[in-house]
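K.L.:
First the structure, which I've put down as structure tokens, then a few questions once you've had a look.
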Amino acid sequence: MAEVEETFKRIQAHKGVIGVIVVNSEGIPIRSTLDNSTTVQYAGLISQLAAKARSTVRDIDPGNDLTFLRIRSKKHEIMVAPENEYLLIVIQNPDAV
Amino acid sequence: MEIVYVYTKKRQEFGRQCNFSDRQAELHVDITPDPSLADNFIERNPVDTGIQCVQEMSEHEINTERFETSVRGINHTEGGWPKDVNPQEVEHVTRYRKKVEKDEMYISAIQQLGTIMEHTIRQNNAIDIYEEYFEDIEVDTVDETPSAKTINVFRDPNEIKRTSTHISWFPDGPRKLAVAYCNLEFQGSTPDTSMESYIWDVENPNKPETVLKPVSPLVCLEYNPKDSHILLGGCYNGQIAYWDTRKGSQPVEMSPIEHSHRDPAYKALWIQSKTGTECFSASSDGQVLWWDIRKMGEPTEKLYLDPTKKQDPTKALGAMALEYEPTMPTKFMVGCEQGSILSCNRKAKTPAEKIVAQYNGHLGPVYSLQRNPFFPKNFLSVGDWKARIWSEDIRESSIMWSRQYKSYLTDGCWSPVRPSVFLVTKMDGTLDVWDIIFKQNDPTLSLQVCDEPLHSLRVQEQGRLIACGSHSGTTTLLELSDGLTTLQRNEKNLVTAMFERETRREKILDSRHREMKLKERSKSSADGAKEEEPEEARLEEEDLYTKAEKEFYSIIEQEKKILEKKQQQGDDTDKADTGKQSPIAEGDEEEKTNGNPKKK
Chain A
1 MAEVEETFKR IQAHKGVIGV IVVNSEGIPI RSTLDNSTTV QYAGLISQLA AKARSTVRDI
61 DPGNDLTFLR IRSKKHEIMV APENEYLLIV IQNPDAV
Chain B
1 MEIVYVYTKK RQEFGRQCNF SDRQAELHVD ITPDPSLADN FIERNPVDTG IQCVQEMSEH
61 EINTERFETS VRGINHTEGG WPKDVNPQEV EHVTRYRKKV EKDEMYISAI QQLGTIMEHT
121 IRQNNAIDIY EEYFEDIEVD TVDETPSAKT INVFRDPNEI KRTSTHISWF PDGPRKLAVA
181 YCNLEFQGST PDTSMESYIW DVENPNKPET VLKPVSPLVC LEYNPKDSHI LLGGCYNGQI
241 AYWDTRKGSQ PVEMSPIEHS HRDPAYKALW IQSKTGTECF SASSDGQVLW WDIRKMGEPT
301 EKLYLDPTKK QDPTKALGAM ALEYEPTMPT KFMVGCEQGS ILSCNRKAKT PAEKIVAQYN
361 GHLGPVYSLQ RNPFFPKNFL SVGDWKARIW SEDIRESSIM WSRQYKSYLT DGCWSPVRPS
421 VFLVTKMDGT LDVWDIIFKQ NDPTLSLQVC DEPLHSLRVQ EQGRLIACGS HSGTTTLLEL
481 SDGLTTLQRN EKNLVTAMFE RETRREKILD SRHREMKLKE RSKSSADGAK EEEPEEARLE
541 EEDLYTKAEK EFYSIIEQEK KILEKKQQQG DDTDKADTGK QSPIAEGDEE EKTNGNPKKK
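So the protein lines, in turn, are chains A and B. Residue numbers 1 to 97, in the UniProt record's numbering, belong to the letters of the first sequence in order. Residue numbers 1 to 600, in the UniProt record's numbering, belong to the letters of the second sequence in order.
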């Protein structure tokens, strides 16, 4: 339990990190540092996108699998680390100097 | 010839199996070649035959049916929670979450993902992979030939086509286009002609986004630059109406017929005001009316375009074009049907002072007037067969003009991004783009947009997109190439220099002209011949005729006297000569200041 907290704190402490969300396989946000409505939006949209990305990678080569997904936009970057059951989403602003 | 071989079989042998046996070959028929037959033919040598060994292909064309698309959105709501958890109840949710967090798998998963994620975050912070390396290097001007590409064509959806008379771009970006449709031919519209005008979405040329239903077809239509939902329209019957796109396709309010124009309201524009609700309109009945859309019951102000400054409605010139620059809120210009341009000041004390100056230059109605967005003292006027550029200070003539075109010019405007570029549309369906620092005698780019006359033109604020409307309601959307939309090096200085040079030239010509006139006048007053200042007399046409007659007769009288004198002196040859010397000065009442013909 404490390790989880520590991990979270470490991630959040990095420069430019705006928010962290943990989503389970059903799209339910387990843990989040953002407000509820934003969390729900991210959870729904990103889990669908990650699922699509994973199916794309596996369609091309069934032996392959998605390890990481990065979406870079004008304002910030959304990083998605997938696992069997859970999804870790971090929103970072890389230009924040 | 027939070759027949008969083989027989006994009837009782039918059905019996065949017994084959070998036999020597027998020659049955021998047909020898007959060389005499070759005489019927002529040998052809050499024989030229084409051979190709290629796959046979065939070409087919299919035009699919127009695909109608519509855009719909989806409403997302929160879901995915297991059945026993109610997402609205905070307690359930937190309880569920806590349960998940205690799961072993969760902890290990998070730790693993955490390490990966940190690595990536640190990567991002280390180097910005998308940084712009060469930002401060200026893009060199590419010397490509200017061109324009047609992006979309919007056709009038009605059966009976009407002219697209006016186009207005959506103020917040090039997404929408409002086009006013009206059949401008006198009594040209049948009762079936639709009176609707449309707002088109740039991406969807199949169906207009919004339909505006006025009482009478709209001649002009303008978006309110402050509020993108409000549009102002001038109708064919002279009324002014305004729409709110949130409120539907009927006008929110219309001006009453008694107080509106008595001719089609050819142009209506929004004025810069605190409330953003003021506008003014002009029509060929010679009136300019100011309105406040909150109170359309009657115009707030009225002005007759009477150049004699007497506010006489009978002498008023009909207006076809209006010009208004928000940076100069009290001044405006009107282009008249007779070819003159009146510069007016709204805040003048007396109505006579309102018309500040008159610029005469065109031979026909001035269809379009616009100030150069970078140099407001210079403006472009389009009418008859030329486009002219004027400087406000020089009233006698324009400082620059295009050459005489073969077809009538219908509309023109400046490019909002480049001070030296302007565009004009013509009756033969061509769009000309002029770049005055590149070429002064010819347009830089001339495009045949369609085969019928183009009536309206509008450039979008960002300078790339142009919309032009034609006689049968087809509005074409064009995109200009980079060369015509990016500001060139030194462009502003070059254009300033050019305008100044031309203005100075006109000033010099003008002052020289005046000097010459002054010299002539002083000469005539020294000679003692009567010559009234013709300035006021010009306006009184009847006086001109009588004066000309008087001069003519006086000259004849003088000649007669000379003749009589000479006759008395008994010179026959002179009679013939004086016959030739009939009054030369009869026609010129202004120029020839002394009415004395050349004496022998």
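Every residue, glycine too, gets a C-beta built ideally from N, C-alpha and C.
With burial defined as no fewer than 16 other Cβ atoms inside 10 Å of the residue's Cβ, what is the status of S446(B): buried or exposed?
P.N.:
Here residue 446(B) refers to the residue found at position 446 when the second sequence is read from its first residue. Counting Cβ neighbours within 10 Å, S446(B) comes out exposed, since fewer than 16 surround it.
K.L.:
Please report the residue range of the beta strand (DSSP E) in which E222(B) lies.
P.N.:
To locate residue 222(B), count along the second sequence from 1; it is residue 222. Segment L218 to Y223, the beta strand (DSSP E) holding E222(B).
K.L.:
The alpha helix (DSSP H) spanning A109(B) covers which residue range?
P.N.:
Numbered from its first residue, the second sequence carries residue 109(B) at position 109. Segment E104 to A126, the alpha helix (DSSP H) holding A109(B).
K.L.:
Could you please tell me which residues of the segment 97-112 of chain B, in chain order, have their CB closer than 8 Å to any CB of chain A?
P.N.:
Of all residues in the segment 97-112 of chain B, the ones placed with a Cβ closer than 8 Å to any Cβ belonging to chain A are R97, V100, E101, K102, M105, Y106, I107, A109, I110, Q111 and Q112, in chain order.
K.L.:
At a Cβ threshold of 9 Å, is E132(B) touching chain A?
P.N.:
Counted from its first residue, the second sequence places residue 132(B) at position 132. It does not: the Cβ of E132(B) has no partner Cβ on chain A nearer than 9 Å.
K.L.:
Is the Cβ-Cβ distance between N224(B) and W169(B) less than 9 Å?
P.N.:
Working through the second sequence from its first residue, we reach residue 224(B) at position 224. Working through the second sequence from its first residue, we reach residue 169(B) at position 169. Cβ distance not < 9 Å, so N224(B) and W169(B) don't count as in contact.
K.L.:
Sort I51(B), I230(B) and P416(B) by Cα distance to S249(B) and report the nearest one.
P.N.:
Stepping through the second sequence from its first residue, residue 249(B) is reached at position 249. For S249(B), the nearest C-alpha among the options comes from I230(B).
K.L.:
Among D482(B), L457(B), D543(B) and Q440(B), which has the Cα closest to the Cα of V495(B)?
P.N.:
As a working note, residue 495(B) is residue 495 in the second sequence. When each option's Cα is compared against that of V495(B), the closest is Q440(B).
K.L.:
Between the alpha carbons of D435(B) and H455(B), how many angstroms are there, rounded?
P.N.:
On the second sequence, position 435 is the one that residue 435(B) refers to. On the second sequence, position 455 is the one that residue 455(B) refers to. If I take the Cα positions, the gap works out to 21 Å.
K.L.:
Need the endpoints of the alpha helix (DSSP H) that H92(B) sits in, please.
P.N.:
For this step, residue 92(B) is matched to residue 92 along the second sequence. H92(B) -> alpha helix (DSSP H) spans V90 to E101.
K.L.:
Return the chain-ordered list of same chain residues with a C-beta closer than 7 Å to the C-beta of E452(B), the five sequence neighbours on each side being excluded.
P.N.:
Residue numbering aside, residue 452(B) sits at position 452 when the second sequence is read from its first letter. Contacts found: G429, S470, H471 and S472.
K.L.:
Any beta carbon from chain B within less than 9 Å of F8(A)'s own beta carbon?
P.N.:
Along the first sequence, read from residue 1 onward, the residue named residue 8(A) stands at position 8. Using beta-carbon distances, F8(A) counts as an interface residue toward chain B, with a partner under 9 Å.
K.L.:
Would you call K255(B) buried or exposed, if buried means 16 or more other Cβ atoms sit within 10 Å of its Cβ?
P.N.:
The sequence position of residue 255(B) within the second sequence is 255, counting from 1. Before going further, note that residue 255(B) is Ser rather than Lys in the sequence given. Under this definition S255(B) is a buried residue.
K.L.:
Near K149(B), which residues of its chain fall below 7 Å by C-beta distance, leaving aside the five closest residues on each side in sequence?
P.N.:
As a position in the second sequence, residue 149(B) is number 149, starting the count at 1. Closer than 7 Å at Cβ, skipping near neighbours: L478 and E479.
K.L.:
Among G286(B), C468(B), I394(B) and R23(B), which one has its Cα closest to the Cα of E500(B)?
P.N.:
Mapped onto the second sequence, residue 500(B) falls at position 500. Of G286(B), C468(B), I394(B) and R23(B), the residue nearest in Cα terms is I394(B).
K.L.:
Step through the CB atoms of chain B and report whether any lies within less than 9 Å of the CB of A51(A).
P.N.:
The residue labelled residue 51(A) in the question sits at position 51 within the first sequence. Taking Cβ atoms only, chain B never reaches closer than 9 Å to A51(A), which makes this a no.
K.L.:
Based on Cα-Cα distance, which residue from G16(A), Q92(A), P82(A) and P94(A) lies nearest to G27(A)?
P.N.:
Numbered from 1 along the first sequence, position 27 holds the residue referred to as residue 27(A). Nearest C-alpha to G27(A): P82(A).
K.L.:
Does the beta-carbon of K9(B) have 16 or more other beta-carbons within 10 angstroms, so that it is buried, or is it exposed?
P.N.:
Numbered from 1 along the second sequence, position 9 holds the residue referred to as residue 9(B). By the neighbour-count rule (16 or more Cβ atoms within 10 Å), K9(B) is not buried but exposed.
K.L.:
Classify C450(B) as buried or exposed, calling it buried when 16 or more other Cβ atoms lie within 10 Å of its own Cβ.
P.N.:
Your numbering for residue 450(B) matches position 450 in the second sequence. Per the 10 Å Cβ criterion, buried.
K.L.:
At which residues does the beta strand (DSSP E) containing D244(B) begin and terminate?
P.N.:
Counting from 1 along the second sequence, the entry for residue 244(B) is found at position 244. I240 to D244 is the extent of the beta strand (DSSP E) around D244(B).
K.L.:
Comparing alpha-carbon positions, which option in K102(B), M333(B), Q460(B) and N493(B) lies nearest I30(A)?
P.N.:
Along the first sequence, one-based indexing puts residue 30(A) at 30. For I30(A), the nearest C-alpha among the options comes from K102(B).
K.L.:
If you drop the 5 nearest sequence neighbours on each side, which residues of the same chain put their C-beta closer than 7 Å to that of I18(A)?
P.N.:
Position 18 of the first sequence, counted from the start, is the residue given in the question as residue 18(A). Here the set comprises H76, I91, Q92 and N93.
K.L.:
Checking 9 Å against the spacing of the C-beta atoms, do S340(B) and Y359(B) come in under that value?
P.N.:
Taking the first residue of the second sequence as position 1, residue 340(B) is located at position 340. Taking the first residue of the second sequence as position 1, residue 359(B) is located at position 359. Yes, the Cβ-Cβ distance between S340(B) and Y359(B) is below 9 Å.
K.L.:
Taking 8 Å as the threshold, find out whether the segment 214-222 of chain B comes into contact with the segment 151-167 of chain B through three or more Cβ pairs.
P.N.:
yes
K.L.:
Roughly how many angstroms separate the alpha carbons of I466(B) and Q460(B), rounded to a whole number?
P.N.:
Counting from one through the second sequence, the residue named residue 466(B) turns up at place 466. Counting from one through the second sequence, the residue named residue 460(B) turns up at place 460. In this structure, the straight-line span from the alpha carbon of I466(B) to that of Q460(B) is close to 6 Å.
K.L.:
When the distance is taken between beta carbons, is L317(B) closer than 9 Å to L342(B)?
P.N.:
What you label residue 342(B) is simply residue 342 of the second sequence in a count that begins at 1. What you label residue 317(B) is simply residue 317 of the second sequence in a count that begins at 1. Cβ distance < 9 Å, so L342(B) and L317(B) count as in contact.
K.L.:
I230(B) lies in the beta strand (DSSP E); which residues open and close that run?
P.N.:
Stepping through the second sequence from its first residue, residue 230(B) is reached at position 230. Here the beta strand (DSSP E) through I230(B) covers I230 to C235.
K.L.:
Have a look at K492(B) and Q448(B) and give me their C-alpha separation to the nearest angstrom.
P.N.:
The count along the second sequence starts at 1 and reaches residue 492(B) at position 492. The count along the second sequence starts at 1 and reaches residue 448(B) at position 448. Approximately 29 Å, taken between the alpha carbons.
K.L.:
Applying the criterion that 16 or more other CB atoms from any shown protein chain within 10 Å of the CB defines a buried residue, is C336(B) buried or exposed?
P.N.:
For the purposes of this step, residue 336(B) is taken as the residue at position 336 of the second sequence. With 16 or more other Cβ atoms within 10 Å, it is buried.
K.L.:
Starting from the beta carbon of D156(B), find every residue of chain A whose beta carbon is closer than 7 Å, and list them in chain order.
P.N.:
Position 156 of the second sequence, counting from 1, holds the residue named residue 156(B). Per Cβ cutoff of 7 Å: no residues; D156(B) is ~39 Å from chain A at best.
K.L.:
Between V334(B), P376(B) and F374(B), which lies nearest to P365(B) when the distance is taken from Cα to Cα?
P.N.:
Indexing the second sequence from 1 puts residue 365(B) at position 365. The shortest C-alpha separation from P365(B) is found at V334(B).
K.L.:
Quick check on this structure: which residue in D442(B), T69(B), E222(B) and Y304(B) has the alpha carbon closest to the alpha carbon of K386(B)?
P.N.:
Locating residue 386(B) in the second sequence gives position 386, where the first residue counts as 1. Answer by Cα proximity: D442(B).
K.L.:
Taking the C-alpha atoms as reference points, what is the distance between G16(A) and I151(B)?
P.N.:
Taking the first residue of the first sequence as position 1, residue 16(A) is located at position 16. Taking the first residue of the second sequence as position 1, residue 151(B) is located at position 151. Spanning the two alpha carbons is a distance of roughly 42 Å.
K.L.:
Suppose you measure from the CA of S511(B) to the CA of P376(B); what does that come to, to the nearest Å?
P.N.:
On the second sequence, position 511 is the one that residue 511(B) refers to. On the second sequence, position 376 is the one that residue 376(B) refers to. Inter-residue distance for S511(B) and P376(B) is about 24 Å (C-alpha atoms, whole angstroms).
K.L.:
Along the alpha helix (DSSP H) that carries L49(A), what are the first and last residues, could you check?
P.N.:
Locating residue 49(A) in the first sequence gives position 49, counting from the first residue. Its alpha helix (DSSP H) spans residues N36 to I60.
K.L.:
Name the two residues that bound the continuous beta strand (DSSP E) containing T410(B).
P.N.:
On the second sequence, residue 410(B) is found 410 positions in, with the first residue counted as 1. Element bounds for T410(B): L409 to W414.
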